[in-house]
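The next block holds one structure in the form of structure tokens; read it before the comments.
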Amino acid sequence: MASLKHLLDHSDELKESGEFSRARRCLEEGLAGLPPQHPDAATLRVALAGVLLKVGEILQAAVHVEAAVEIRSSFFGTDHRHTQETLCIFGFVLSKMGDFLGAIEAFRQAHTSLETTLGASHPETLKVLRFLGVALFEQELFPEAFETIERARSTCMEVLGPHHPETEASNYCYQKCLDMSAQATFLLQHEFQRV
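Heads up: the sequence shown is residues 66 to 260, going by my numbering.
Set out below in structure tokens:
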């Protein structure tokens, strides 16, 4: 079997050139050559999920990421950074499926663990906090969503500075949520005036 790095690099090249079926085949062949619980199998499953998301196979992507979480949990432990980052990816996939409650649960668990292991102001921890805020917003839990996104945004500004990519992403999400909230309020007011 080719090295893990070679497989990932090759599948990335195929994805970038739009050859998703070949990228999928490359990763599936790599998976077939590994024991199911090998940590590299988790890495390949996450990469395969990325390909599957690109072609709209969200359910299959979820199956692979969930398996990757299980592999990393058993190999590294549940609180390890790799496990929690994979759990965060699982939350992202769940949100793509419209399962915002499942996504919220995954993001909360990942955030709590990363806050303990990496610290509250680590960019990875803040990214998961932002993802949690967006999932809360999608579930229409607006007060908690705004508080969560604002906490991520203000910590990013304070610790990482205004030009850090995570600060910019948090600012964008906060503004997007404000815009969507204002639009929803306008539509509701307009609807009440018609009645």
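A virtual CB, placed ideally from N, CA and C, is assigned to each residue, including glycine.
Keep in mind the model is a prediction, meaning the values are calculated, not measured.
Apart from sequence neighbours up to five positions away, the residues of its chain that approach alanine 112 with a beta-carbon distance below 7 Å are Leu73, Ser76, Leu92, ordered along the chain. Its chain contains Thr190 as the residues whose beta carbon lies nearer than 6 Å to that of glutamate 180, once the 5 sequence neighbours on both sides are disregarded; these appear in chain order. Short of 6 Å from the beta carbon of proline 188, and not among the five residues preceding or following it, lie these beta carbons of its own chain, in chain order: Glu231. With respect to the C-alpha of alanine 132, the residue from Ala107, Phe202, Glu212, Val116 having the closest C-alpha is Ala107. A Cβ-Cβ contact shorter than 8 Å links lysine 161 with leucine 118. About 13 Å separates the CB atoms of alanine 168 and alanine 126; that is not less than 8 Å, and the two are not in contact. When DSSP states are grouped into helix, strand and coil, valine 224 belongs to the helix group. Counting along the chain, proline 101 sits inside no alpha helix (DSSP H), nor does DSSP assign it H or E at all. Shown here for phenylalanine 172: same chain residues with a beta carbon closer than 7 Å to its own, the five before and five after excluded, namely Cys153, Gly156, Val193, Phe196, Leu197, Ala200 in chain order. Under the three-state reduction of DSSP output, alanine 67 falls in the coil class, being neither helix nor strand. For tyrosine 239, the number of other beta carbons within 10 angstroms of its own is at least 16, and it is reported as buried.
Taking a C-beta distance under 8 Å as the contact criterion, threonine 220 and alanine 185 qualify as a contact pair.
Glutamate 122 carries a coil assignment under DSSP once its states are collapsed to helix, strand and coil. By the neighbour-count criterion, in which a residue is buried when 16 or more other Cβ atoms sit within 10 angstroms of its Cβ, valine 134 is buried. Where glutamine 149 is concerned, the enclosing alpha helix (DSSP H) starts and stops at 146-161. Annotation for alanine 185: no alpha helix (DSSP H) segment contains it, and DSSP assigns it neither H nor E.
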